[in-house]
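Notes for the one structure printed next.
Protein chains: 2
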Amino acid sequence: MLSKKTKYGLKALTYLASLESREPVQIAEIAKHENISQKFLESILLTLRRNGFLGSKKGKGGGYYLIKEPEDILMTAVMRVLEGPIAMVPCVSLNFYEKCADCPDENKCSVNKLMLQVRDSALEVYRNNTLADLIAS
Amino acid sequence: MLSKKTKYGLKALTYLASLESREPVQIAEIAKHENISQKFLESILLTLRRNGFLGSKKGKGGGYYLIKEPEDILMTAVMRVLEGPIAMVPCVSLNFYEKCADCPDENKCSVNKLMLQVRDSALEVYRNNTLADLIAS
DNA sequence: CAATACCCTATCGTTTTTATAGATTTTAAT
DNA sequence: ATTAAAATCTATAAAAACGATAGGGTATTG
Chain A
1 MLSKKTKYGL KALTYLASLE SREPVQIAEI AKHENISQKF LESILLTLRR NGFLGSKKGK
61 GGGYYLIKEP EDILMTAVMR VLEGPIAMVP CVSLNFYEKC ADCPDENKCS VNKLMLQVRD
121 SALEVYRNNT LADLIAS
Chain B
1 MLSKKTKYGL KALTYLASLE SREPVQIAEI AKHENISQKF LESILLTLRR NGFLGSKKGK
61 GGGYYLIKEP EDILMTAVMR VLEGPIAMVP CVSLNFYEKC ADCPDENKCS VNKLMLQVRD
121 SALEVYRNNT LADLIAS
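The following block contains the structure:
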């Protein structure tokens, strides 16, 4: 299951990207427009800022804004930051690899063999989608 | 993340398929060979039996055995029974569809658009793999 | 009778989600 | 320059859902 954190983060990014201006947008406005709990969204936007997707401006007239062009924001990066590893099992993860404790030989493991294919197919999707692609109706 | 239920279920099925005979195999033997907690495996084998993948024989000399040929066991079916929906979001699920409460229009939803592609790519992998494919070294 | 599968329930731990409270920074207005 | 409002940031933790495990009883077969 996709976590709500990821779902809300994607929606927030999409909303910001859909606006013509790159002026700061208040959290309250994003939360209201996308039907998200404001406080929860607050922490999500923070991690997106910390990971270089968003900039923020404090004080009156402040808010969050995209720091890169939607065309340059790859879903692989967004998903890894919000959802974590793309692989369903650590033993097939590129960025978060871990050996299975129970498995004596990965090359002979049926789970490994299947999940490797699933990872590759998911990666191809994420690599072929930028934030801009998700907006185009 | 792949649940351990699914992981163990797949390993158990693989082990049974790898044996030449289709005689009943005791839970204890499967658990030991695959490093799985016997009690946990018990409940997993039960759901595999209830869903038509395994047969069981009670009493002395009893155990579980494959009810179909490995070539006829599709990963789509196995994954749906063990892991649940293949889609990461209910609004793109074929077998477990549910409308999002917060989303006014699915066709304009960026999450929907992305997860639809992910679902299709995963489905293609599962449709192209039978239990027999996972055994072939 | 003994071995084994089946079934029901309770518990523990982790993750996810939401909620609360307050501190800090920045801006705009006076 | 000062003040007050607006907004971000930080920290904590309660609530809920889920995963994994364990215990013990019942039924069936050889």
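Chains as they are written, first to last, in UniProt numbering: chain A, 1 to 137; chain B, 1 to 137.
Quick reminder that beta carbons are idealized off the backbone N, C-alpha and C, glycines included.
All values derive from a computational prediction rather than experimental measurement.
Does the beta-carbon of residue i have 16 or more other beta-carbons within 10 angstroms, so that it is buried, or is it exposed?
i: Ser-110 of chain A; result: buried
i: Arg-50 of chain A; result: exposed
i: Met-79 of chain B; result: buried
i: Asn-129 of chain A; result: buried
i: Gln-38 of chain A; result: exposed
i: Leu-16 of chain B; result: buried
i: Arg-22 of chain A; result: exposed
i: Arg-127 of chain B; result: exposed
i: Ala-31 of chain B; result: buried
Within this structure, are the beta carbons of residue i and residue j separated by less than 8 Å?
i: Leu-45 of chain A; j: Tyr-65 of chain A; result: no
i: Glu-29 of chain A; j: Ala-12 of chain A; result: no
i: Leu-114 of chain A; j: Met-75 of chain B; result: yes
i: Leu-131 of chain A; j: Pro-70 of chain A; result: yes
i: Ser-3 of chain B; j: Glu-98 of chain B; result: no
i: Leu-54 of chain A; j: Leu-48 of chain A; result: yes
i: Val-125 of chain A; j: Ser-121 of chain B; result: yes
i: Ile-135 of chain B; j: Thr-14 of chain B; result: yes
i: Ile-27 of chain A; j: Tyr-8 of chain A; result: no
i: Ile-86 of chain B; j: Leu-123 of chain B; result: yes
i: Leu-107 of chain A; j: Cys-91 of chain A; result: It should be noted that the sequence gives Asn, not Leu, for residue 107 of chain A. Not in contact: Asn-107 of chain A and Cys-91 of chain A (Cβ atoms no closer than 8 Å).
i: Lys-68 of chain B; j: Pro-24 of chain B; result: no
What would DSSP say about residue i, mapped onto helix, strand or coil?
i: Lys-58 of chain B; result: coil
i: Leu-19 of chain B; result: coil
i: Val-25 of chain B; result: strand
i: Tyr-64 of chain B; result: strand
i: Cys-91 of chain A; result: helix
i: Ser-121 of chain B; result: helix
i: Ala-31 of chain A; result: helix
i: Ser-37 of chain A; result: coil
i: Ile-86 of chain B; result: coil
i: Lys-99 of chain A; result: coil
i: Asn-107 of chain B; result: helix
i: Asn-112 of chain B; result: helix
i: Ala-12 of chain A; result: helix
i: Glu-42 of chain A; result: helix
Bridge partners for residue i per DSSP, in chain order?
i: Val-78 of chain A; result: In DSSP, Val-78 of chain A forms no bridge with anything.
i: Lys-6 of chain A; result: The sequence given here places Thr at residue 6 of chain A; Lys does not occur at that position. In DSSP, Thr-6 of chain A forms no bridge with anything.
i: Thr-130 of chain A; result: A:Leu-74
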